[in-house]
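As numbered in the working numbering, residues 1 to 166 make up the sequence shown, in order. Yeah, the Cβ is synthetic: ideal placement off N, Cα and C, and Gly gets one too. Source: prediction; values computed, not measured. Have a look at the structure below before the remarks.
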Amino acid sequence: KAKYLDPIDRGYMQKLWFYTQKPEGSSQISFNLDHPRLKDKNLRMGIIYALNIQNMLDTVLYGDYERSETFHEGYGDYSHPKLKARRFDPQKALEYFNKAGYTKIGRDGIRINDQGEKLSFKILYAAPFHTQRILALQNEAKKLGLHLELDNFDTTAVFKAMLSKE
């Protein structure tokens with residue numbers, strides 16, 4: 001009679017998927033619309049299309065996470081079933097950056113406008129485990145001339161900075 005060997009006993013791991021009853025907490029990147037340059041919708045759209053979120057999910061998070069289409073997905077009446085998140089699209093990102101006036105490339109590979117302002121923004125975040133995730137986004141965005149500067153603070157400092165719209 002053959003003895004059943006558990007997959008772990010055979011020297012390899014088995015990957016199992018399971019879901020909780022309610023959606024897990026979400027992460028998001030929000031824009032400070034009081035920032036003079038971020039009032040330009042073309043610039044915001046360019047940034048959105050320059051963020052390769054699927055690449056970050058596949059590489060840094062090893063495909064263990066799924067991207068939600070909206071921040072409130074899975075909440076019944078609060079969910080919008082037809083609304084879809086914009087996907088990474090380098091051509092659209094460059095198109096919107098050009099519309100926003102970031103038509104030149106600096107010596108460092110970062111786009112600049114006619115006033116010499118770099119296409120560079122701070123990403124303010126509190127959780128240290130987000131660093132690798134944001135670095136993956138930063139590396140992909142830089143290929144399109146967008147510099148994302150990582151700015152990690154403790155939770156209280158991030159909350160205060162967000163309240164003061166810094």
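Item, Value
"Given Ala50, which residues of its chain have a CB within under 6 Å of its CB, disregarding the five upstream and five downstream residues?", "Ala93, Ala141, Leu144 and Leu146"
"Glu95 and Lys84 - do their beta-carbons sit closer together than 8 Å?", "no"
"Residues bridged to Lys104 by DSSP?", "Ile112"
"Assuming the contact rule is C-beta atoms closer than 8 Å, Phe97 and Leu119 should be a hit. Round their C-beta distance to whole Å, please.", "7 Å"
"Using only alpha-carbon positions, find the residue among Tyr102, Lys122 and Ile112 that is nearest to Ala161.", "Lys122"
"Can you tell which of Leu137, Ala126 and Arg133 has the C-alpha that lies nearest to the C-alpha of Val158?", "Ala126"
"Please state the DSSP three-state secondary structure of Ile123.", "strand"
"In three-state DSSP terms, what is Leu94?", "helix"
"Express the C-alpha separation of Gly74 and Met45 in angstroms, rounding to a whole number.", "25 Å"
"Between Leu38 and the rest of its own chain, which residues show a CB-CB distance below 7 Å, the 5 nearest in sequence each way excluded?", "Phe31, Asn32 and Arg44"
"Enumerate in chain order the residues of its own chain whose CB-to-CB distance from Gly168 is below 7 Å, with the five nearest sequence positions on each side excluded.", "Nothing about residue 168 can be read from this structure; the chain reaches only from 1 to 166."
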